[in-house]
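Since the structure comes first, as structure tokens, the remarks are kept for the end.
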């Protein structure tokens, strides 16, 4: 069965609730969603861990809240303070139909990933 959003690619730079829920729905509808997380500031919901998982290896990958909103996605962790990481994101943009982010306006601009910069790379993003 072909899903309605098959063939659509989403770069997901969202965190916490609204953004990850939106991109999860896009994934459920067939979009190829790639979550891009900052190495120094990962999605805070990774810390919403059940007591039985505290202290276990990779406890940050066992947070039910995070998994509920990010299931069905591919993911990459990047150090956005490294220019090579930002270049990688810019190399992914031409292959994406949607870039979803939930930062304050200054954050994406600081990394050169604001809408105008992305639009210069791919006008129909």
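Numbering (my numbering), first residue to last: 87 to 211. Note that CB positions come from ideal geometry on N, CA and C, so glycine has one too.
**Request:** Closer than 7 Å by C-beta to residue 91: which residues in its own chain qualify, once you throw out the five before and the five after it? Chain order, please.
**Result:** Same-chain partners within the cutoff: 112, 115, 116 and 117.
**Asked** If residue 162 sits next to residue 179, beta carbons under 8 Å apart, how far is it from one beta carbon to the other, in whole angstroms?
**Response** Rounded to the nearest angstrom, the Cβ distance from residue 162 to residue 179 is 14 Å, too far for a contact under 8 Å.
**Request:** Determine the extent of the alpha helix (DSSP H) in which residue 205 is found, giving its start and end residues.
**Result:** 201–207 is the span of the alpha helix (DSSP H), which, as asked, contains residue 205.
**Prompt:** Where DSSP assigns a beta bridge to residue 161, which residues make up the other side?
**Reply:** DSSP links residue 161 through a beta bridge to 121.
**Request:** Check residue 95 in the structure and name its three-state DSSP category.
**Result:** Residue 95 falls in the strand class under three-state DSSP.
**Item:** Simplified DSSP state of residue 172, which is helix, strand or coil
**Value:** Annotated three-state conformation of residue 172 is helix, per DSSP.
**Asked** Where does residue 88 land, buried or exposed, given buried means 16+ other C-beta within 10 angstroms?
**Response** Residue environment: residue 88 is assigned as exposed (fewer than 16 neighbouring CB atoms within 10 Å of its CB, all protein chains considered).
**Asked** By Cβ distance below 6 Å, which residues in the same chain neighbour residue 124 in space, the five residues on each side in sequence not counted?
**Response** Within the same chain, residue 124 has close Cβ partners 166.
**Asked** Does the distance from the C-beta atom of residue 221 to that of residue 102 stay below 9 Å?
**Response** Summary: the structure shown does not reach residue 221, with the chain confined to residues 87 through 211, and so no result is reported for it.
**Item:** Unbroken beta strand (DSSP E) run spanning residue 186, endpoints
**Value:** That run of the beta strand (DSSP E) goes 184–187.
**Inter-residue Cα distance where the pair is residue 200 and residue 122** = Their backbone Cα atoms lie some 15 Å apart in a straight line.
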